[in-house]
Structure formats: structure tokens, C-alpha cells
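Novice: Residue numbers (the working numbering): 39 to 330. Using N, Cα and C, we set each Cβ at its ideal position, and we do this for glycine too.
1) Look up residue 180 in the DSSP assignment and say whether it is helix, strand or coil.
2) With a CB to CB cut of under 6 Å and the five nearest residues on each side skipped, what residues in its chain are close to residue 123?
3) Between the alpha carbons of residue 223 and residue 201, how many angstroms are there, rounded?
4) If you drop the 5 nearest sequence neighbours on each side, which residues of the same chain put their C-beta closer than 7 Å to that of residue 220?
5) Is the separation between the beta-carbon of residue 304 and that of residue 61 shorter than 8 Å?
6) Is residue 130 near residue 251, with beta carbons less than 8 Å apart?
7) Tell whether a beta-carbon distance below 8 Å holds between residue 109 and residue 268.
8) In the DSSP assignment, find the alpha helix (DSSP H) that holds residue 265 and state where it starts and stops.
9) Please work out which residues of its chain come closer than 7 Å, Cβ to Cβ, to residue 300, disregarding the five sequence neighbours upstream and downstream, and give them in chain order.
10) Does DSSP put residue 74 in a helix, a strand or coil?
11) For residue 248, which residues in the same chain have their Cβ closer than 8 Å to its Cβ, ignoring the five residues on either side in sequence?
12) Consult DSSP for residue 80 and reduce its assignment to one of helix, strand or coil.
13) Ignore the nearest five residues each way along the sequence and tell me which others in residue 158's own chain have a CB closer than 8 Å to its CB.
14) By the three-class DSSP mapping on this structure, what secondary structure does residue 295 have?
15) Between which two residues does the beta strand (DSSP E) containing residue 98 stretch?
16) Less than 8 Å separating the beta-carbons of residue 192 and residue 264?
17) Please work out which residues of its chain come closer than 7 Å, Cβ to Cβ, to residue 225, disregarding the five sequence neighbours upstream and downstream, and give them in chain order.
18) Secondary structure at residue 217, three-state DSSP: helix, strand or coil?
19) To the nearest angstrom, how far is the alpha carbon of residue 235 from that of residue 127?
20) Label residue 179 either buried or exposed according to how many other C-beta atoms from any shown protein chain fall within 10 Å of its C-beta, with 16 as the threshold for buried.
21) Tell me whether residue 306, by its Cβ, gets closer than 7 Å to a heavy atom of the ligand FAD.
22) Suppose contacts are defined by Cβ-Cβ distances below 8 Å. Is residue 17 in contact with residue 184 by that definition?
23) Within 10 angstroms of the Cβ of residue 46, are there 16 or more other Cβ atoms? Answer buried if so, exposed if not.
24) Starting from residue 192, trace the beta strand (DSSP E) both ways and give me its first and last residue.
25) Excluding the 5 residues preceding and the 5 following residue 161 in the sequence, name in chain order all residues of the same chain whose CB lies nearer than 6 Å to its CB.
26) Could you check whether the region 287 to 301 touches the region 66 to 83, counting it as contact only if at least three pairs of C-beta atoms, one from each stretch, sit closer than 8 Å?
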């Protein structure tokens, strides 16, 4: 039947072209961005999982950065602690030198002056050692956020020469304030009892420094253990972040082989539909021949 009010073939071709354009646009969008799930309509059932995995990956990467910063923080403490340890080793050497009776007054005064200067240097190192503007050697424990409300705490001892209290929290292990030159007490380099006035005082100073060195050795060992534990945690989180990103990629990233094939198919269909639309429109022109 020859009719002119409706051109069904042309309408079908036009509809095919519209639908095919949507397929081409979607394929080109995915190929240009590399993302399959850029809109909710692209995968209503999976986009929530995809975004959740992306969030977990980002959170885990942030936790890794926090841990790496904490490792840097603790290494800063350890480096300064090593310098203080070297100072105490020299102080012990001076105390031993001051114990001999062959040391005359001028020599003892020189040794005493160096002993106190080293003590002042110790206090300066503690005061000036900072990480991101924060003092790191005054006994403030480090808290590291690792995501999902979880934290890791790394203990940091108090490295000040005057620090005393619970031995486990004091780098020198001093349990009481400076009162004389006895071992186990804190230091006070402004007090007369820290002087190396004679061999007996030098012996007491040596015992006090020896005890401090033992405490500092333990404190640095604890720092090393914390650093290694944090590095192990970071390594574990790196693996976890990789898994999150891999799973998110499998769900939400574009498959270039599949999308390229889809685009090629859509382009061929588009060309064919355009040709058929032209044919369908031309077909109605035959009606004019009946009217001549």
C-alpha cells in the first residue's frame, strides 16, 4: 500500500540513529575518560561498590602518608638522640679524666667548663629539634591516624636533661629531680653539685652519666622498634590500597578493547542507518509519479 502520511521506514531509521548516537556517545565518553561508571545510570547496582572501593583506597593511601610522616618524625628524634648520646659519651670521658689526682686545678677547671658546655648543648638540641614546627623531644607521644577511626600510638620519651619521673618515659631513666650527683637522678647543669671539683665528684658524675647512657640506649632501642613496626604497617597498607584500587578498576574502569569494538560497530550502524533514512525518504518520491 502506498501512503504518504506516515513514513514508517524513515521513522525506524531515525529511531535507530538516535539510539545508535547514544551508544557512540557513551563509548566515546568511556574511551576519552577511561571510566566506565562516570554516572549513576551507567551501573546502578555497582556504582556504590565502585565509589566505596575508591574511598577506601584514598583513605588507605592517606594512612600510609601519615605513617611515613611518623617514621620521619621518629627518625628525627633518633638522630638528635644519637647526638645527645655522643655528648654523654664525651661527658663520661671527661669525668674519668677528672678522677685522676694528677689533674691540676687549671686542667680540672677546663674539664669542668667543657662538661657544663656539653650539658648546655644537650639542652639546646632538645629545644631546637622540631618536626614541622613541633618540638619532638619533650615526651609527647605520637598518634597516627590510619583510617576508619583507628590510630597507632608511638611512645616518645622525654629527652630533657632535667626530665625525671617514670623511668619508662624518660630517655635518661632518671626517676627523681637533680639533688646531687647520684646515679638515677636528672641533671641540672646550673647547680654546683654537677661540678667536677675533685676526684670524688668526678666519680659520682661518671656514675650518673653511665646510668643516663644506659637509659638512652633503651630509649633509642624503643624508637627503632617503633620505626620498624610502623614501616611494617605501611607495607601492609600499601598492599591493601593496591587491592582496593585493583578491585575498583575492575568494576569501574573502561575496557578499551570492548569500547573500541562497540564504537566501531556503532559507527557502521550509524552510516547504514543514515543511508537507509535517505532511501526511505526517497521512496515516497515515487508517489509523485502517480500524480503526473
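Specialist: Looking at the atomic coordinates:
1) strand
2) 254
3) Computed Cα separation, rounded: 9 Å.
4) 242 and 246
5) yes
6) It is a contact, given that the beta carbons lie within the stated cut-off.
7) yes
8) 237 to 290
9) 61 and 65
10) DSSP places residue 74 outside both helix and strand once states are collapsed to three, so it counts as coil.
11) 130 and 221
12) helix
13) 227
14) helix
15) First-last for residue 98: 85 to 135, but that is the alpha helix (DSSP H), not the beta strand (DSSP E).
16) yes
17) 157, 199, 200, 216 and 232
18) coil
19) Per the coordinates, the alpha-carbon of residue 235 lies some 20 Å from the alpha-carbon of residue 127.
20) Residue 179 counts as exposed, since fewer than 16 other beta carbons sit within 10 angstroms of its beta carbon.
21) With respect to small molecules bound, the structure shown includes none, and the ligand FAD cannot be examined in it.
22) This structure gives no information on residue 17, because the portion of the chain shown stretches from 39 to 330.
23) If you draw a 10 Å sphere on the C-beta of residue 46, you find fewer than 16 other C-beta atoms in it, and that means exposed.
24) DSSP places residue 192 in the uninterrupted beta strand (DSSP E) bounded by 189 to 192.
25) The residues are 199.
26) Contact check between the region 287 to 301 and the region 66 to 83: three or more CB pairs, one atom from each, fall below 8 Å, which counts as touching.
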